[in-house]
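Novice:
Residue numbers (this note's numbering): 168 to 256.
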């Protein structure tokens with residue numbers, strides 16, 4: 168219920184939650200739920216609001232799981248050329 172919200176405070180809390188949870192199972196493989204998280208991150212990187220794009224990029228800088236980052240690389244590169252400095256920095 169939180170994921171499609173446009174409330175900025177709720178988005179920030181959600182990103183903090185995603186940062187601290189275990190993203191892999193006991194076998195070391197990525198949890199299936201993380202595929203949905205990856206899809207939501209892609210949507211946030213394409214969001215028209217620069218604040219949401221910037222916060223999502225900052226969150227991705229903290230991730231160490233390559234399986235989550237790999238499908239997002241083209242969208243991340245597009246945001247590095249965004250017209251607003253908040254998104255680029």
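Cβ atoms here follow ideal geometry from the backbone N, Cα and C, with glycine treated the same way.
1) Let me know if residue 191 comes out buried or exposed under the rule of 16 or more other beta-carbons within 10 Å of its beta-carbon.
2) If you run the structure through DSSP and keep just helix, strand and coil, what is residue 198?
3) Determine, using beta carbons only, whether residue 231 and residue 186 come nearer to each other than 8 Å.
4) Quick test of your reading: residue 209 and residue 249, contact by CB under 8 Å. State the CB separation rounded to the nearest angstrom.
5) So, for residue 236: in the same chain, excluding its five sequence neighbours on each side, which residues have a beta-carbon less than 7 Å away from its beta-carbon?
Specialist: For this structure:
1) exposed
2) coil
3) no
4) Incorrect: roughly 15 Å between the Cβ atoms, too far for contact.
5) 227, 230
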